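One structure below.
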Amino acid sequence: MSTRRHLGIFAAAVLAAASLTACGGSGDDSGGSGKTLTYWASNQGASLEADKTILQPELDKFEKQTGIKVNLEVVPWSDLLNRLLAAATSGQGPDVVNIGNTWSASLQATGALVEFDDATLQAVGGKDRFVPAALAAAGAPGKPPAAVPIYSLAYALYYNKKAFADAGITAPPTTWEQLAEYGKKLSTGGKWGLAVEGANPSENAHHAFTFSQQYGGEWFDSSGKPTFDTPQNVAAVKRYVDFMATDKITNPSNAEYAQNQSVSDFANGKAAMLLWQAAGSNLKTQNMPADAYGIAPVPFLGAPPAGGKKVNSMVAGINMAVFKHTKNRDAALSFVKFMTSDEEQTILNKTYGSLPAVKTAGSDPAFSAPEQKVLQETLSTTAAPLPQVPDESTFETLVGTAIKELFADAASGKPVTEDSVKQKLTDAQQKMR
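The sequence shown lines up with residues -22 to -1, 1 to 411 when you count with mature numbering (1 follows the signal peptide of the UniProt record, and there is no 0).
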C-alpha cells in the first residue's frame, strides 16, 4: 500500500521535517516487564480508526505475554514521512515505526534507525525467516537492513473471465506481445483491453521499474547516480505508454486516472485487464465476484534483449524499524519479533489482504486463495526491490510525472516517439542535480 502513496521529493521532505515538532517518546532503560513503547503504525486499513480496532487486540496480547505496554498511534500517509524525518532529526519520537519499504534507504541515510545486522536479526527470529525479496527492500545494498518487512505485496495481472471467453481467448497472456494482441480483441463496444493509472506518478514509476528490469536497464548506477535516459529505460517507458499510444488498448481517459479509477473500470467491466497489487479486497467492495476474474503473473517480454531480467514486479510493502534514540531497545526488538511472528503475520496480513513477510506464515491456509498464490510466487521468485538509494522518492516523483505527461500526449493524439520519451527522461534526470 505504501508504494501508492509516496510523498514526493525526499529533499523537500527533509526541509519540511525541520519545521515539525517530533511527537511521542519513551521512558525507561532496557526492555522488559513494566516498560512502555510508542509505536507509529501506518494506515493499512480503510481508516485510522479501523487500524486501531485491528491492531489494539494484538498489542494487548503482546502486553499480556511480556508486560510491555505499547502506546499506538496510527499515522496517515500524508504525514508519516515528514514525521519520521522530524523524529530522525530531533532524536525524539517513537520507539518503533512502520515505514514504506521504498523509503528504507532514504531513512537509512539519516543514520537514525537501528541496523539489523546479523545479531539484531537473530534477536527477532533470524534472517532466514524473512522472504528474501522483502528483506532486500529494507535498505541499501551492501549495508545491514534498516528495518524488517511486516506486510508484503506484489503486482499481478487480473483478467475478466467472461470478456476473455467472449473474445475466444482461452488463457491469460504470458508476454507483453500477447497482452497487446489480446487487448485489441477486447477493445470493442466501448470497452477496453487494459486499464491504467496514467496520472499516478508512483504507479507509473513502479511499472517503469519493472519494464526497465525486463529490458536490462537500471534507474541508478552502482554509485547511486541517476541513469534515467538510457536506451533500455526509453524502450521500457515507451512499451508501457504504447498500450495507449500505439496499441490503443487503453482508454485515453485513463491518462487522467490517479485515484484507483482503473480498479473501478475493471470491476465494472469497462476494461478486461488490470495490473495491480492485491486488488481482490477492493474488487469485492465494488461487488465484483471472485469467480468473475482470474489472476495471473504479470507478463514478460517475449524476446528479452541481452541483459534483460526475469522480473515482473517491484517488491511492495511495509517495513518495521526501531529508532536508535529508543531507551527501550530490547523491548522494541521484542515487539518487532512479536509482530513478525507466524501467528501475528497470519492474523494481520489476512486482515489487510497483504502477504506475510516471513516464509513459514505464507504456507498457512489463509494464504492459499488463487490471488495470494500468484502474489506469493511472484514475491518469492520474480520480484525485485526498487532502487534502494536516498533519492528513490525523487525518482518516483520525477519519472512518474514524466510518464504522466507522456500519457497525456498519447491521450491527445500527440505521437509518443523514442525521441519524445528520451527527452522527458533527460529532463527528469536533470532535475535530480
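Ideal placement from N, C-alpha and C gives every residue a C-beta, glycine not left out.
As the structure is a prediction and not an experimental result, all values here were calculated from the model.
DSSP bridge partner residues for residue i (one or two, in chain order)
i, result
"Lys47", "Thr14"
"Gln255", "Tyr133"
"Leu172", "Met251"
"Ile273", "Tyr136"
"Val74", "Tyr17, Val300"
"Pro204", "Phe198"
"Pro334", "Tyr129"
"Met292", "Ala362"
"Leu91", "Phe301"
"Phe278", "Thr153"
"Val53", "Ser20"
"Gln108", "It is worth fixing the name first, because residue 108 is Phe in this sequence and not Gln. In DSSP, Phe108 forms a bridge with Val336."
Exposure of residue i, with buried meaning 16 or more beta-carbon neighbours within 10 Å
i, result
"Arg107", "buried"
"Gly280", "exposed"
"Lys140", "exposed"
"Ala268", "exposed"
"Thr31", "exposed"
"Gln43", "exposed"
"Lys262", "exposed"
"Asp96", "exposed"
"residue 454", "This structure cannot speak to residue 454, because the chain is shown only from -22 to 411."
"Lys402", "buried"
"Ala183", "buried"
"Glu27", "exposed"
"Gln407", "buried"
"Pro54", "exposed"
"Ser195", "Residue identity differs from the one stated: residue 195 is Gly in this sequence, not Ser. When all chains shown are included, Gly195 counts as buried."
"Gln100", "exposed"
"Ala124", "buried"
"Pro283", "exposed"
"Asp243", "buried"
"Ala23", "First, the amino acid is wrong: residue 23 is Gly here, not Ala. Buried: at least 16 other Cβ atoms inside 10 Å."
"Ser371", "buried"
"Ala143", "exposed"
"Ser346", "exposed"
"Asp199", "exposed"
"Gly161", "buried"
"Gly71", "buried"
Cutoff 7 Å; reference residue i; Cβ partners in own chain excluding five residues on either side
i, result
"Arg217", "Trp154, Phe189"
"Glu322", "Glu36, Phe316"
"Phe40", "Ile46, Val48, Phe313, Phe316"
"Val399", "Val212, Val215, Lys216, Leu384"
"Lys302", "Ala90, Leu91, Val92"
"Gly12", "Gly45"
"Gly331", "Ala256, Gly258, Ser259"
"Asp207", "Lys400, Leu403, Thr404, Gln407"
"Leu33", "Ala19, Leu50"
"Gly285", "Gly194"
"Lys382", "Gly176, Ala177, Pro179, Asn182"
"Leu62", "Val75, Ile77, Leu85"
Contacting residues, own chain, Cβ-Cβ under 6 Å from residue i (five flanking each side not counted)
i, result
"Lys409", "Leu376"
"Arg(-19)", "Because Arg(-19) sits at a pLDDT of 39, beneath the cut-off of 50, its placement in the model cannot be relied upon, and the following sentence gives the value as read from the coordinates. So the qualifying residues of the chain are Ser180."
"Gly9", "Because the pLDDT of Gly9 is 46, which lies under 50, any placement of that residue in the model is unreliable, and the number read from its coordinates should be weighed accordingly. Excluding residues within five positions, the ones whose Cβ falls inside 6 Å are Asn306, Asp308, Ala309, Ser312."
"Ala233", "Gly176, Phe385, Ala386, Ala389"
"Pro230", "Ala389"
"Asn260", "Val241"
"Gly104", "none"
"Gly202", "Val367"
"Glu349", "Gly258, Ile273"
Same chain only: Cβ atoms within 8 Å of residue i, ignoring 5 sequence neighbours per side
i, result
"Asn265", "Ala245"
"Thr224", "Val394"
"Ala112", "Asn79, Pro127, Ser130, Val293, Gly295, Ala335, Leu357"
"Gly378", "Asn178, Pro179, Ser180, Glu181, Asn182, Ala183, Ala186"
"Trp197", "Ala186, Phe187, Ser190, Pro204, Thr205, Phe206, Asn211, Pro365, Phe373, Val377"
"Lys169", "Ala141, Gly247, Lys248, Ala249, Ala250"
"Gly146", "Lys163"
Inter-residue CB distance, residue i and residue j (contact presumed, cutoff 8 Å)
i, j, result
"Leu333", "Leu131", "6 Å"
"Ala83", "Val352", "Rounded, the Cβ-Cβ distance is 28 Å, inconsistent with contact."
"Asp29", "Val52", "4 Å"
"Thr88", "Ala66", "4 Å"
"Asp342", "Thr329", "Rounded, the Cβ-Cβ distance is 13 Å, inconsistent with contact."
"Val289", "Gln192", "6 Å"
"Thr304", "Asp57", "At roughly 21 Å, the Cβ-Cβ gap does not stay under 8 Å, so Thr304 and Asp57 are not in contact."
"Phe373", "Pro122", "The Cβ separation is near 23 Å, so there is no contact."
"Trp254", "Ala344", "Wrong, their Cβ atoms sit about 21 Å apart, outside the cutoff."
Query raised in the report: Quick check: the region 329 to 347 against the region 169 to 178, are there 3 or more CB pairs under 8 Å?
Result: no
Report task. Examine the Cβ distances between the region 110 to 120 and the region 284 to 301 and report whether three or more of them are shorter than 8 Å. Result -> yes
Requested in this report: Would you check if the region 133 to 152 and the region 261 to 279 touch, i.e. whether three or more CB-CB distances between them fall below 8 Å?
Outcome: yes
Query raised in the report: Is the number of C-beta pairs between the region 379 to 392 and the region 219 to 231 that are closer than 8 Å three or more?
Result: yes
Requested in this report: Report yes or no: do three or more beta-carbon pairs, one from the region 393 to 409 and one from the region 230 to 240, lie closer than 8 Å?
Outcome: no
Query - Three or more C-beta pairs below 8 Å linking the region 355 to 363 and the region 163 to 171 - result: no
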